[in-house]
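Respectively, the protein sequence lines represent chains C and G. In terms of the working numbering, the first sequence opens at residue 1 and continues consecutively. In terms of the working numbering, the second sequence opens at residue 1001 and continues consecutively.
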Amino acid sequence: MALIEAIGVTKVYPGGLVANDAVNLSVEKGEVHAVVGENGAGKSTLMKILFGIEQMNGGTLLLDGKSVAFANPREAIDAGVGMVFQHFSLVPSFAVYENVVMGSEPHRGIRFERDKAISEVRALSEKFRLQVDPLQPTRNLPVGQQQRVEILKALYRNARILILDEPTAVLAPQEVQELFVAIRSLVEQGRTVIFIAHKLPEVLEISDTITVMRQGKTVGQVKTKQITEKELATMMVGREVTLRVDRKATDQSVCVASVEGLRVRNARGTDVVDGLDLKVHAGEIVGLVGVEGNGQAEVLEAIAGLRSTKSGTIKIADEDIGPLTVLERRWRGLASIPEDRLSEGLAPGGSVAENLVATKLADKRYVRRGLLDLNAIKANAQALIQRFSIRVNGPNAPVGTLSGGNMQKVVVARELSEQPRLLLVSQPTRGVDLGSTQFIWRTITDARDQGAAVLMSSADLSELLALSDRLLVIYRGRIVAAFLNRPDLSPETLGTYMLGLSTQPAEDMKMALR
Amino acid sequence: MTDAPTIVASTRWQTIRRETGRALGAALIALAVTCIIVFFTSKAPLEALTTLATAPASRIRTIGLWIDDAAKLTITGLAFSLVFHARQFSMGVQGQVYIGALAATYVVLSPLGVTWAAIPLGMLAAMLAGGLWGFLPGYAKARLGANEIVSSLMLNYIAIELCNFLVRVSLPKPLVGVLTTNDFPDTAVYPALVANTRIDLGLIWALVAVLIVWFALYRTSWGLKLRLVGHNARFAEYSGIRPTTIMVSAMTVSGMLGGLLGSMFVQGQTYGKLTVLFEGNLAFEGILVAIVARARPLAVPFVALAYAYLRQGAQLMNIRTDVPAEVIGIVTALIILLVSSTYSLPGRKVLARLFRREPKPATASATGEV
């Protein structure tokens, strides 16, 4: 009998996003069970349900064969489930032992038994080979040791099942090995570990059983011994029918945009873009392929002027645009379809007309001497509503009342109302219905056919394969492979590079890097 | 697209009707609760309620009090509306009123006060000082990340105490120990529009301000940028608008309105001099006006008119009957609660609309999707 089992678990978020669609998971006692899948596959949602942070809309959860439903993490902890998140929740000024016992302190009456707490934490850390000094203040510890404190926290509360959410994402290679030693010792002593990851070599090294998820569904459950890396990658990425959009032959000799040695540092101090070079020519679509979070969003934001860079140059037609503002870049022919239309691409409370003119408030056609030309703004909106077939009650309707596909059409209409020189596209059809997807694909290829240079990133590989002339694979902020898009190029080939399983020989890469 | 304008016009009319209905509904519920309270607390409840309901409109003098309050509430309502549009919750109008009043006082008690320039220069000084007082929390937020609610409230105290101190210590006054300055020269006081009432030039300024704020918000690119920043600051940045510049400018302009209100108080018929604590918390009540008017400048004067009536009614009830004016605090609180409970959840409206009806195809070509 499985220790913990999820049967047909379904989770629909209030926005209508189906994060888990009849997901199954069966974890045996005393095993390391890996759950793998691309970002957005629904792994984290499933774990949050197991830990009581999210509540499922359907399905059953069995613990020791009995049906359970955790209303909050407290109930999950009491039932013996512990979870360590990617982002730690430690009090930096507290010592390690204080962080570990906090909330369940050993006490006599109202007195905190400090010595007992210290000795208990020390015993626990020796038992499970999680070496850490209980008296150290937590803020002095390196990330790997902070993670051990988090694991100790769960163990101190008698977790039988320990969920680790992408534990290796923040660790250096030798720290990963130390973590694995601890995980093995946990399992030897009868604990069960659920391990979330998308780095396959690690998964194959540490796990006994693997459950693969894709797009909110479970693809299958396999024994680690019976599968190869390649088979696993195929299961993760999936094979999908690729729709190809007709593209005209274009003159691709002129380089419109070039990025050299780009480095972008995120708020946590790591280089998410780490010395990246790329070029985009007029009349071509370059697809940026990668597992989400490998720096593709940051590259596009840096080019658009929305994110400061640490070093490197970005040029449009041989002009360094580094010091230019967003508006000045737009004047030089840059257009951008951002990743998240609701948080970046639109003002949901504003009208369709206002959203369509928002990037053109320095344009003499719409604004003269600081005054709006309401007739021109309305005419612009009406023309674009017609041209892009936006279904809306009129230019004054608030954008927030439109469907996802029509909202995205508003973004596309604004950015492509005039032929851009360089078009940045991120997730152009996420959460968009099929009809609108077709239309948006057509619009992007039309811009390309008329000579725009297009740099596109998408979580949907079939989209990139359908639209791109060239594909660049980005892994940990660097280009690790480059391909010309030919019919024989398969998602599996891309997948191995996306997951960092192999690196392309320099000569092959040069050919497609142009 | 021939039917588009009629659709637009009808939705706008619907919005006005819906919002008015909601505000009136809130006011009615609140008044019903007030009736109950008055019935339980008063020995002569009917008399008290009659006073509340009719006294402000009963005599020319009380009508004057009512209209004067409405003019002032309009200005503070506009000041709050502006910052609310930029989604800033600056609470600084009160401080701007005191600082503006101080600045106006220094101008009119100088030799300039006896010339024709006393009124325009007094107003100008008040607006500049108020603008500075509005700019400071905006700048502190943009540069230092200081929360604008906290910094603007602190600036209120500074302004109030500064005014207190200067009136007590250094400004010229008729008698030792009184807490007012000398009366302003006649040239510095707004002329009354209706004799023997408090209705003065301030009413004109209030109406002009309504038009200017409406025009600035809906007809200038600054106003559109401001509203876009309020809707979604990240989107504004992505579009090439600088959210911090817009935010600081909105708070500065709002501060200028606050300063103008300060001048309207001390240079108006009500006072004609500077006294300590002169504004009687009226400045803060602009929040209520702005919330009920949903920050729409053209709705502000109507809400101000209705609220000023309640406010005066309560004060007259306080004087003439055994019911204290504080009862009106309950009305105010209930109205804010009822109106803002829908005000703060715009998403609910959007959702309801999404589920209630499918978007109708507005263009003939909409069906011809590729």
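Backbone N, C-alpha and C fix where the C-beta goes; we use that ideal spot for every residue, glycine too.
query	result
Who are the Cβ neighbours of Ser468(C) in its own chain at under 8 angstroms, not counting the five residues just before and after it?	Ile285, Val286, Gly287, Met456, Asn485
Taking the straight line between their C-alpha atoms, what separation do you get for Leu1211(G) and Pro1297(G)?	8 angstroms
Would you say the segment 1261-1277 of chain G touches the segment 1086-1103 of chain G, given that touching needs at least three Cβ pairs under 8 angstroms?	yes
Using alpha carbons as the reference points, say which of Thr218(C), Thr401(C), Pro167(C) lies closest to Ile196(C).	Pro167(C)
Quick one: what does DSSP say Ile7(C) is sitting in, helix, strand or coil?	strand
Determine the DSSP secondary structure at Tyr497(C), reduced to helix, strand or coil.	helix
In chain C, which residues lie with their C-beta within 7 angstroms of the C-beta of His1231(G)?	Ala347, Pro348, Gly349, Gly350
Relative to chain G, which residues along the segment 365-388 of chain C have a C-beta separation below 7 angstroms, given in chain order?	Val367, Gly370, Leu371, Leu372, Gln382, Ile385, Gln386
Name, please, each residue of chain C whose Cβ falls closer than 7 angstroms to the Cβ of Thr1020(G).	Ordered by position in chain C, no residue passes the 7 angstroms Cβ test against Thr1020(G), which lies about 19 angstroms from the chain.
Would the beta-carbon of Thr234(C) fall within 8 angstroms of that of Glu463(C)?	no
One question on the structure: do Val1331(G) and Thr1034(G) come within less than 8 angstroms of each other, judged by their Cβ atoms?	yes
Can a CB atom of chain G be found closer than 8 angstroms to the CB of Val18(C)?	no
Using a Cβ-Cβ cut-off of 8 angstroms, state whether Tyr1343(G) counts as contacting chain C.	At Tyr1343(G) the pLDDT is 42, less than 50, meaning the model places this residue with poor confidence; the figure from the coordinates comes in the next sentence. It does not; no Cβ of chain C falls within 8 angstroms.
Is any beta-carbon of chain C found at less than 8 angstroms from that of Trp1222(G)?	yes
Would you report the Cα separation of Asp133(C) and Ala76(C), rounded to the nearest angstrom?	28 angstroms
What residue does the alpha helix (DSSP H) around Met235(C) start on, and which one ends it?	229-237
Using a Cβ-Cβ cut-off of less than 9 angstroms, give me the residues of the segment 1232-1248 of chain G that come near chain C, in sequence order.	Asn1232, Arg1234, Phe1235, Ala1236, Glu1237, Tyr1238, Ser1239, Gly1240, Ile1241, Arg1242
Please decide whether Leu1228(G) counts as near chain B, where near means a Cβ-Cβ distance under 8 angstroms.	Going by chain labels, chain B is absent from the structure shown, which instead holds the protein chains C and G.
Of all the residues that make up the segment 1200-1224 of chain G, which are near chain C by a beta-carbon distance shorter than 7 angstroms?	Arg1219, Thr1220, Ser1221, Trp1222, Leu1224
Since Ser1221(G) contacts Leu423(C) with CB under 8 angstroms, what's their CB separation in whole angstroms?	About 25 angstroms; that fails the 8 angstroms criterion.
Would you report the Cα separation of Val1114(G) and Ala1055(G), rounded to the nearest angstrom?	38 angstroms
For Pro338(C) and Gly295(C), I'd like the C-alpha separation in whole angstroms.	15 angstroms
Thinking C-alpha only, which one of Val411(C), Thr313(C), Ala459(C), Ser490(C) is nearest Thr443(C)?	Val411(C)
Taking C-alpha atoms, which residue in Asp446(C), Arg122(C), Ala481(C), Tyr13(C) lies nearest to Gln136(C)?	Arg122(C)
Put Phe112(C) into one of helix, strand or coil per three-state DSSP.	strand
If we ignore side chains and look at the alpha-carbon of each, how far apart do Ser1344(G) and Met56(C) end up?	Annotation note: pLDDT 39 at Ser1344(G) (below 50); position unreliable, no value reported.
Considering just the uninterrupted stretch of the beta strand (DSSP E) at Leu423(C), what are its terminal residues?	422-426
Looking at Arg421(C): is its Cβ nearer than 8 angstroms to the Cβ of Val256(C)?	yes
Is the number of C-beta pairs between the segment 74-89 of chain C and the segment 143-154 of chain C that are closer than 8 angstroms three or more?	yes
Could you give the distance in angstroms between the alpha-carbon of Thr250(C) and the alpha-carbon of Leu204(C)?	45 angstroms
Does the beta carbon of Arg421(C) come closer than 8 angstroms to any beta carbon on chain G?	no
Of all the residues that make up the segment 244-269 of chain C, which are near chain G by a beta-carbon distance shorter than 7 angstroms?	none
By DSSP's criteria, Ile285(C) is part of a beta bridge. Which residues make up the other side?	Val454(C)
Just the C-alpha distance for Glu292(C) and Leu356(C), rounded to the nearest angstrom, thanks.	29 angstroms
Go ahead and label Gln1014(G) buried or exposed: buried means 16 or more other beta carbons lie within 10 angstroms of its beta carbon, across all protein chains shown.	exposed
Starting from Ser1221(G), trace the alpha helix (DSSP H) in both directions and tell me its first and last residue.	1221-1231
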